[in-house]
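As structure tokens, the structure follows; a few thoughts come after it.
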Amino acid sequence: MVHLSEADVAVIGAGAAGVAAGKRLLAMKANFVVLEARSRAGGRAHTERIGGFPLDLGCGWLHAAERNPWTKIAEAEGLIVDRSPPPWERPPLEYGFAAAEQRAFRAALTAFYARLDAAEAGPDRALAEFLDPGGKWNARLNAISTYVNGVELDRASLADYAAYDDAGGNWRVAEGYGAAVVAHAKGLPIVFDRAVTAIDHGGKRLRIETASGALAARAAIVTVPTALIAEETIRFSPKLADKVEAATALPLGLADKSFLSLAEAERFPADSRLFGKTHAAGMASYHLRPFGRPLIEVYFGGKLARELEAAGAGALAAFAIEELASLVGSDIRSKLAPLADTAWARDPFARGSYSYALPGHAAARAEFAAPVDDRLFFAGEACSPHHFTTAHGAYETGVAAADRALAAAKA
Ligand SMILES: Cc1cc2nc3c(=O)[nH]c(=O)nc-3n(C[C@H](O)[C@H](O)[C@H](O)COP(=O)(O)OP(=O)(O)OC[C@H]3O[C@@H](n4cnc5c(N)ncnc54)[C@H](O)[C@@H]3O)c2cc1C
857 MVHLSEADVA
867 VIGAGAAGVA
877 AGKRLLAMKA
887 NFVVLEARSR
897 AGGRAHTERI
907 GGFPLDLGCG
917 WLHAAERNPW
927 TKIAEAEGLI
937 VDRSPPPWER
947 PPLEYGFAAA
957 EQRAFRAALT
967 AFYARLDAAE
977 AGPDRALAEF
987 LDPGGKWNAR
997 LNAISTYVNG
1007 VELDRASLAD
1017 YAAYDDAGGN
1027 WRVAEGYGAA
1037 VVAHAKGLPI
1047 VFDRAVTAID
1057 HGGKRLRIET
1067 ASGALAARAA
1077 IVTVPTALIA
1087 EETIRFSPKL
1097 ADKVEAATAL
1107 PLGLADKSFL
1117 SLAEAERFPA
1127 DSRLFGKTHA
1137 AGMASYHLRP
1147 FGRPLIEVYF
1157 GGKLARELEA
1167 AGAGALAAFA
1177 IEELASLVGS
1187 DIRSKLAPLA
1197 DTAWARDPFA
1207 RGSYSYALPG
1217 HAAARAEFAA
1227 PVDDRLFFAG
1237 EACSPHHFTT
1247 AHGAYETGVA
1257 AADRALAAAK
1267 A
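Residues in the sequence shown are numbered consecutively from 857, following the numbering used here.
Dropping the structure here:
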């Protein structure tokens, strides 16, 4: 057992934000430690080699790629950044979704975004209020929201949508985004399997409790997902009611992935895409042959993802195989085999995929990010003012929190 005693700065969590904070503290030669609940770094950035390929079970896309710090880091670590355009910038395959219908849907999507943009300066409202009442494409527009926000449009805030900055392209790391975050974590003093259970910030020093020992620190950087703060998985004493309230206004939406191996893959173009049918609970999206590999990456969001996770092991893959059979023909069944299904809502150290602001609560991001007594700092995707939900947003908040925490510890 590693004996914990004292540090200037304690970083809680070794995901994208915690790793970024740690690297900054390392560069500044700080006396610090990173406490991580899991037995690995990366958090929601997680690549696993399955079926011979590095699969990103969490984040996969370097959004805002030209400005994304992970792009440079991945290349500096000797990883390959694939700059080909993402499949969603090209028309999907026509199975179950004819070209004329696709055109009509794109027109509805453009008109929907135009209504959102026109209303940005006004009061905050749920995005669902901008749907065309009775519109033919509303279910599909809702499904797109489940991929972007992890929830349907009635839960997502217009002001939060307006604050998000996505410019700069979308690239991928061939070896995996999660692998890039883990490579960057090399050399950090991370103590694994060390979940923080409580932080006492009543005394001169912070007292950071874990199941196997406590640590005294001058400052701490808390990077755990909002859901865990909302559930008070880490108990603060004195209590931080404002933080719990802000975290509750920033729940984690749900996105899950299923990976299927695909025999005779050449019948589909590389990096192509197709959409499932719209169901009451949503719609899956299929990325065929990512990087030209013989597999399919299926994306589920919102209620559909929740229902399938709740249905138990194998439910995502079973749903995808059924749907693919109905779209492209039942002979596909024998060509598909499940490789991996994610379950981010069940994951005790995530409890979801990425944060969204409830309508009327976009300001909760700044409230959640605000330091307490200039020694408890908060970082992670939910704290980013313009790049929330992403691994690069998490990175930026981690670096900023490290600078502030170190300055506070030295004061
Ligand atoms: C399916 C999916 C797809 C996604 N796609 C993309 C994408 O394409 N592009 C993109 O940019 N983003 C994407 N994201 C989001 C992205 O993965 C996250 O925004 C980012 O990784 C969050 O980093 P973080 O450091 O804020 O949090 P986390 O990665 O959650 O890190 C927090 C860390 O804290 C640890 N922890 C939790 N509780 C405790 C405790 N009590 N004590 C100690 N440690 C604790 C956790 O184990 C974790 O390691 C996706 C996420 C998912 C799930």
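Ideal Cβ placement from N, Cα and C applies to all residues, glycine included.
Per DSSP, reduced to three states, the secondary structure at Y1017 is helical. F968 sits in a helix when the DSSP states are folded into three classes. For E1008 against G1158, the beta-carbon gap comes to about 5 Å, under 8 Å, which counts as contact. Spatial neighbours of P942 in its own chain (CB-CB distance under 7 Å, excluding positions within 5 residues in sequence) are listed in chain order as W917, N1026.
The beta carbons of L1232 and L1096 sit closer together than 9 Å.
Shortest gap from the CB of V1255 to any heavy atom of ligand 1: 8 Å or more. Restricting attention to A984, A960, R959, the CA atom closest to the CA of R971 is found in A984. Around the beta-carbon of H1143, 16 or more other beta-carbon atoms lie within 10 Å, marking it buried.
Inter-residue distance for E945 and V865 is about 43 Å (C-alpha atoms, whole angstroms). When DSSP states are grouped into helix, strand and coil, L911 belongs to the strand group.
Under the 8 Å Cβ criterion, the segment 926-936 counts as touching the segment 1036-1050, having at least three qualifying pairs. Nearest to R894 by C-alpha distance, out of H919, A1018, G871, G1170, is G871.
CA-to-CA, the gap between G1236 and T1253 works out to about 6 Å. Here A999 is buried, its C-beta having at least 16 other C-beta atoms within 10 Å. Distance from the C-beta of G1249 to the nearest heavy atom of ligand 1 is below 8 Å.
Distances from the CB of L913 to the heavy atoms of ligand 1 include at least one below 8 Å. Your pair T1198 and D1127 does not check out as a contact, with CB atoms roughly 21 Å apart and the cut at 8 Å.
According to the DSSP secondary-structure assignment, D1112 is paired through a beta bridge with F1156.
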